[in-house]
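Below: one structure, written as C-alpha cells.
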Amino acid sequence: MRNILIAALAILIPATANAGADPDQQIKWENIGNWAITVSKNTGVCVAGSNFDGGTFMGISVKNDGTAGLLVTNNLWKDDFFKGGKYAVVLELDGRAETLTGYATDDGALFFGVTPAFIVDFALKDAFGISFYGNSMGRYSLAYTKRAVGSLIACQQSIDEASIGSADRSVSY
Numbered sequence: 387m388r389n390i391l392i393a394a395l396a397i398l399i400p401a402t403a404n405a406g407a408d409p410d411q412q413i414k415w416e417n418i419g420n421w422a423i424t425v426s427k428n429t430g431v432c433v434a435g436s437n438f439d440g441g442t443f444m445g446i447s448v449k450n451d452g453t454a455g456l457l458v459t460n461n462l463w464k465d466d467f468f469k470g471g472k473y474a475v476v477l478e479l480d481g482r483a484e485t486l487t488g489y490a491t492d493d494g495a496l497f498f499g500v501t502p503a504f505i506v507d508f509a510l511k512d513a514f515g516i517s518f519y520g521n522s523m524g525r526y527s528l529a530y531t532k533r534a535v536g537s538l539i540a541c542q543q544s545i546d547e548a549s550i551g552s553a554d555r556s557v558s559y
C-alpha cells in the first residue's frame, strides 16, 4: 500500500506543480513569494511549487488523509538519479542532517514520501540542503515557505470540504 501511495503522490506533484505542467489543468490558488499554490482540476490535490537557483524545482503536497510528499528536481542531476531508482539522500534543514529515501520519478527528480508533520517542520526552517554521497547537490533559502505551506494546507482543506459538500448533495434517499 505504501508503494502505491508513494507512486500516486509522485505522479500528482509533478503533474500539477512542475513548470511544464499544462496550465489548463490547474487552477491558481495564490502566489506567496517564490511559491505558487495550485489545484489540479483532475485530482483535486493542492500543490505548492517553487523554482530555485540553478534550475532546481521543489513541489510540496499535504493531504488531509495524513499523506504528504516532497519532490525536488534538477536537470543537472540526470546523471546522478535515474528513473525508478531508490536513493539514500541527506537532507539538511538549518544544519541538522537527516537521511531520507528518495524515489526517482524521472531522471534528475527525487520524490520523498513524508508526513504532514515533516512538511510543517520543514517549512519552519530557514534553509534546505541536499547531499548525495557526501557531495552537496544544492542549498536553498526557505523564505516564504512557512506562509506557502499554510496556504497549501488551507487550499487542500477547502478543496476537501467542497468535495464532501458536493458528495453530500448527490446522495439520494
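Just so we're aligned, residue 387 is where the sequence shown starts under our numbering, counting upward by one. Beta carbons: idealized from backbone N, C-alpha and C, even for Gly. What you are looking at is a predicted structure, and each value in this text was computed from that prediction instead of being measured.
DSSP has Glu-416 in a bridge; who is on the other side?
Position 30 of the sequence shown holds residue 416. BP columns for Glu-416 point to Ile-423.
Quick check on Met-387: buried or exposed, where buried means 16 or more other Cβ atoms within 10 Å of its Cβ?
Position 1 of the sequence shown, counting from 1, holds the residue named residue 387. Summary for Met-387: the model assigns pLDDT 37, below 50, so the residue's position carries little reliability; its value from the coordinates is reported in the next sentence. Result: exposed.
Going by the DSSP bridge assignment, what does Tyr-526 pair with across the sheet?
Position 140 of the sequence shown, counting from 1, holds the residue named residue 526. Paired residue(s): Phe-514.
To which residues of the same chain is Glu-478 closer than 6 angstroms at the C-beta, ignoring the five residues directly before and after it?
As a working note, residue 478 is residue 92 in the sequence shown. Cβ within range, chain order: Gly-515.
Should Phe-468 go down as buried or exposed, given a rule of 16 or more other Cβ atoms within 10 Å for buried?
Residue numbering aside, residue 468 sits at position 82 when the sequence shown is read from its first letter. Burial call: exposed.
Relative to the C-alpha of Gly-494, which candidate in Ser-549, Thr-442, Asn-437 and Ser-537 has its C-alpha closest?
In the sequence shown, counting from the first residue as 1, residue 494 sits at position 108. For Gly-494, the nearest C-alpha among the options comes from Thr-442.
Taking 7 angstroms as the cut-off, is the C-beta of Phe-438 nearer than that to any heavy atom in the ligand PLP?
Among the components of this structure there are no ligands whatsoever, and the ligand PLP is therefore not found.
Ordered along the chain, which non-local residues of its own chain (more than five positions away) have a Cβ less than 7 angstroms from that of Gln-542?
What you label residue 542 is simply residue 156 of the sequence shown in a count that begins at 1. The answer, listed in chain order, is Cys-432, Val-448, Lys-449 and Asn-450.
Which of helix, strand or coil does DSSP assign to Gly-440?
Locating residue 440 in the sequence shown gives position 54, counting from the first residue. Gly-440: helix per DSSP, three-state reduction.
From Leu-462 to Ala-474, what distance separates their C-alpha atoms?
In the sequence shown, residue 462 corresponds to position 76, counting from 1. In the sequence shown, residue 474 corresponds to position 88, counting from 1. Those two C-alpha atoms are separated by around 18 angstroms.
Using the Cβ count rule (16 or more neighbours within 10 Å means buried), how would you classify Tyr-519?
The residue given as residue 519 occupies position 133 in the sequence shown. So Tyr-519 ends up on the exposed side.
How many angstroms separate the CA atom of Trp-367 from the CA atom of Ala-534?
With the chain running from 387 to 559 in the structure shown, residue 367 is simply not present.
Note the first and the last residue of the continuous alpha helix (DSSP H) segment covering Val-506.
By one-based count along the sequence shown, residue 506 stands at place 120. Residues 502-509.
How long is the line joining the alpha carbons of Tyr-489 and Ala-540, rounded to whole angstroms?
Indexing the sequence shown from 1 puts residue 489 at position 103. Indexing the sequence shown from 1 puts residue 540 at position 154. About 27 angstroms.
So what's Asp-492 in DSSP terms, helix, strand or just coil?
Here residue 492 refers to the residue found at position 106 of the sequence shown. Residue state, collapsed to three classes: strand.
Measuring only the C-alpha atoms, how far is Glu-547 from Thr-491?
Translated into positions along the sequence shown, residue 547 becomes position 161. Translated into positions along the sequence shown, residue 491 becomes position 105. Distance between the alpha carbons of Glu-547 and Thr-491 is about 30 angstroms.
Can you check which of these residues, Pro-502, Arg-525 and Gly-536, is closest to Asn-437 by C-alpha distance?
As a position in the sequence shown, residue 437 is number 51, starting the count at 1. The residue with the shortest Cα to Cα distance from Asn-437 is Arg-525.
With C-beta atoms as the reference, is Asp-480 less than 8 angstroms away from Asp-507?
Within the sequence shown, residue 480 is the residue found at index 94, counting from 1. Within the sequence shown, residue 507 is the residue found at index 121, counting from 1. Their beta carbons are not under 8 angstroms apart, which means Asp-480 does not touch Asp-507 by this criterion.
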